[in-house]
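Below you'll find the structure, written out as structure tokens, and then a few comments.
There are 2 protein chains.
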Amino acid sequence: MPKVVDHAARRAELVDAAWRVIAAEGLEAATVRRIAQAAGCTTGLVTHYFESKDDMLVAALREVHRRAGQRMVRHVDGVDIAAVLLEVILDALPMDEDRQLEWKVWLAFWGRAAADERLRQEQQRRYAEWRGLLGKLIRRARPADTAADRRTAVDLIAGAIDGLGIQATLEPAKFTDARLRRAATAIARSAL
Amino acid sequence: MPKVVDHAARRAELVDAAWRVIAAEGLEAATVRRIAQAAGCTTGLVTHYFESKDDMLVAALREVHRRAGQRMVRHVDGVDIAAVLLEVILDALPMDEDRQLEWKVWLAFWGRAAADERLRQEQQRRYAEWRGLLGKLIRRARPADTAADRRTAVDLIAGAIDGLGIQATLEPAKFTDARLRRAATAIARSAL
Numbered sequence: 001m002p003k004v005v006d007h008a009a010r011r012a013e014l015v016d017a018a019w020r021v022i023a024a025e026g027l028e029a030a031t032v033r034r035i036a037q038a039a040g041c042t043t044g045l046v047t048h049y050f051e052s053k054d055d056m057l058v059a060a061l062r063e064v065h066r067r068a069g070q071r072m073v074r075h076v077d078g079v080d081i082a083a084v085l086l087e088v089i090l091d092a093l094p095m096d097e098d099r100q101l102e103w104k105v106w107l108a109f110w111g112r113a114a115a116d117e118r119l120r121q122e123q124q125r126r127y128a129e130w131r132g133l134l135g136k137l138i139r140r141a142r143p144a145d146t147a148a149d150r151r152t153a154v155d156l157i158a159g160a161i162d163g164l165g166i167q168a169t170l171e172p173a174k175f176t177d178a179r180l181r182r183a184a185t186a187i188a189r190s191a192l
Numbered sequence: 193m194p195k196v197v198d199h200a201a202r203r204a205e206l207v208d209a210a211w212r213v214i215a216a217e218g219l220e221a222a223t224v225r226r227i228a229q230a231a232g233c234t235t236g237l238v239t240h241y242f243e244s245k246d247d248m249l250v251a252a253l254r255e256v257h258r259r260a261g262q263r264m265v266r267h268v269d270g271v272d273i274a275a276v277l278l279e280v281i282l283d284a285l286p287m288d289e290d291r292q293l294e295w296k297v298w299l300a301f302w303g304r305a306a307a308d309e310r311l312r313q314e315q316q317r318r319y320a321e322w323r324g325l326l327g328k329l330i331r332r333a334r335p336a337d338t339a340a341d342r343r344t345a346v347d348l349i350a351g352a353i354d355g356l357g358i359q360a361t362l363e364p365a366k367f368t369d370a371r372l373r374r375a376a377t378a379i380a381r382s383a384l
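Chains as they are written, first to last, in the working numbering: chain A, 1 to 192; chain B, 193 to 384.
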């Protein structure tokens with residue numbers, strides 16, 4: 001009887017190995033050999049699932065984005081929109097080790113996307129989803145606003161989260177939970 | 193008579209070539225050979241001034257930071273602190289081609305700094321200067337604030353500029369001047 005292979009599960013394992021290597025060791029370290037080692041498989045299997053480094057990076061970013069999205073949906077049904085917005089902002093920030101790793105994947109991705117059209121398109125798709133979620137929250141918070149005002153609010157919130165996330169990822173000792181929480185509260189307040 | 197070589201000027205030319213190659217073609221493309229080609233010199237000269245790729249990246253980032261700093265000081269002596277803050281924020285954003293290139297150097301740098309301690313230290317030094325400048329403006333705008341409140345305001349402004357700068361660098365067609373100006377105005381207002 002032939003061995004039954006669950007391709008989706010195997011691919012998920014490789015993606016998991018890939019994003020953790022990218023995050024912990026940097027994109028340059030994330031060679032096919034290193035991913036295979038981290039996933040406990042052959043290099044042939046890695047190249048079977050990912051044609052190129054960019055394929056791997058895109059898959060890693062999608063996984064990081066999916067994980068964040070799963071966390072976000074837990075918050076959005078709350079009744080108090082100010083509390084919901086604060087929870088979403090806090091959840092997006094690198095306040096624990098796993099989210100710090102997720103942020104490092106974003107940093108690696110942005111670094112490469114600046115000079116790569118395909119990666120920029122991936123960024124645009126992921127960001128459209130993220131801004132869509134923030135936009136719905138702003139619409140609930142400020143139903144009378146014009147579309148342009150809501151867009152500006154989303155630009156400010158999404159921007160502040162990203163910039164703060166970068167600084168906290170690169171200087172984790174300085175950006176304590178208390179400091180990030182203060183900043184998150186200020187960001188939420190600026191949008192309400 | 194021996195040929196007189198102006199080392200500082202020569203190094204400055206190489207740094208200029210380096211940051212433009214990093215910005216336009218990506219960090220991976222910024223090989224010694226490519227920098228030499230862009231600067232119109234030998235590869236030996238490039239390796240004479242930069243021992244490693246990280247050396248080159250740090251030099252490129254310092255140059256980008258220096259250029260931004262030179263622009264900023266033109267604004268800070270203004271009497272109207274709200275106007276000064278808005279000008280500083282607008283000046284930091286990628287609103288023309290040169291500043292878009294500068295932002296791409298920051299993106300390349302952050303992507304690599306996530307997994308490199310020496311680059312992270314460089315980031316911390318550059319950020320301390322930048323936050324210092326913003327902190328002085330906030331102190332002028334809100335003299336009665338506690339130090340913690342001022343720090344939160346700086347976190348929000350610096351964060352929003354970085355996040356917005358990333359998005360505008362990666363999606364320049366979407367982030368028009370008018371849109372960036374609206375966002376900059378909202379950032380400045382949130383801090384006043």
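C-beta atoms are modelled at their ideal positions from N, C-alpha and C, and glycine is treated no differently.
The structure displayed is predicted, hence computed values, not measured ones.
| Query | Result |
| --- | --- |
| Per-residue burial, A/V154 [other beta carbons within 10 Å of its own, 16 or more giving buried] | buried |
| Contact residues within the region 303-320 of chain B, judged by C-beta distance below 8 Å to chain A | G303, R304, A305, A306, A307, D308, R312, Q315, Q316 and Y319 |
| Distance, A/E28 Cα to A/H207 Cα | Examination of residue 207 of chain A is not possible in this model, given that chain A is present from 1 through 192 alone. |
| Residue from A/E13, A/R10 and A/A68 whose Cα sits closest to the Cα of A/R126 | A/A68 |
| Neighbourhood of A/R151 by C-beta, 8 Å cutoff - its chain only, sequence neighbours within 5 removed | G135 |
| Nearest-angstrom beta carbon gap, B/A306 and A/T176 [assumed within contact, 8 Å] | 19 Å between Cβ atoms; not a contact. |
| Distance CB(B/R202)-CB(B/V213) smaller than 8 Å | no |
| Same chain, Cβ closer than 8 Å to A/D116, neighbours up to 5 away in sequence not counted | D54 |
| Contact under 8 Å by Cβ, B/H267 with B/V280 | yes |
| CB contact below 8 Å: A/R34 versus chain B | no |
| Chain A within 8 Å of B/S382, Cβ atoms only | yes |
| Minimum Cβ-Cβ distance from A/Q37 to chain B less than 8 Å | no |
| Runs of alpha helix (DSSP H) wholly within the region 268-292 of chain B (minimum 4 residues, chain order) | 273-284 |
| Per-residue DSSP class, three states only, for A/K208 | The displayed coordinates of chain A run from 1 to 192. Any statement about residue 208 of chain A would go beyond what the structure contains. |
| Interfacial residues, the region 76-99 of chain A to chain B, with Cβ spacing under 8 Å | none |
| Residues of its chain near B/Q315, where Cβ-Cβ distance is below 6 Å and the 5 sequence neighbours each way are ignored | A305 |
| Below-8 Å beta-carbon distance, B/Q359 vs any chain A residue | yes |
| Simplified DSSP assignment, three categories, for B/T223 | coil |
| Under 8 Å between C-beta atoms of A/M56 and A/A36 | no |
| Coil, strand or helix - B/K366 by DSSP | coil |
| Check whether A/A184 and A/L90 have beta carbons under 8 Å apart | yes |
| Candidates A/A92, A/G78 and A/D98: closest to A/D16 by CA position | A/D98 |
| is_contact[B/E294, chain A] using C-beta, thresh 8 Å | no |
| Interface partners of B/G218 on chain A, CB under 8 Å | R112, A114, A115 and D116 |
| Span separating the alpha-carbon of B/R331 from that of B/Q313 | 26 Å |
| Per-residue contacts from A/E171 into chain B (C-beta, under 7 Å) | Q316 |
| Option in B/D341, B/I349, B/T234 and B/S382 with minimal Cα separation from A/A178 | B/D341 |
| A/E51, buried or exposed, once every other Cβ within 10 Å from all chains shown has been counted against 16 | exposed |
| Chain A contact residues for B/R374, given Cβ-Cβ distances below 9 Å | A148, D149, R151, T152 and D155 |
| Cutoff 8 Å: A/L164 Cβ touching any chain B Cβ | yes |
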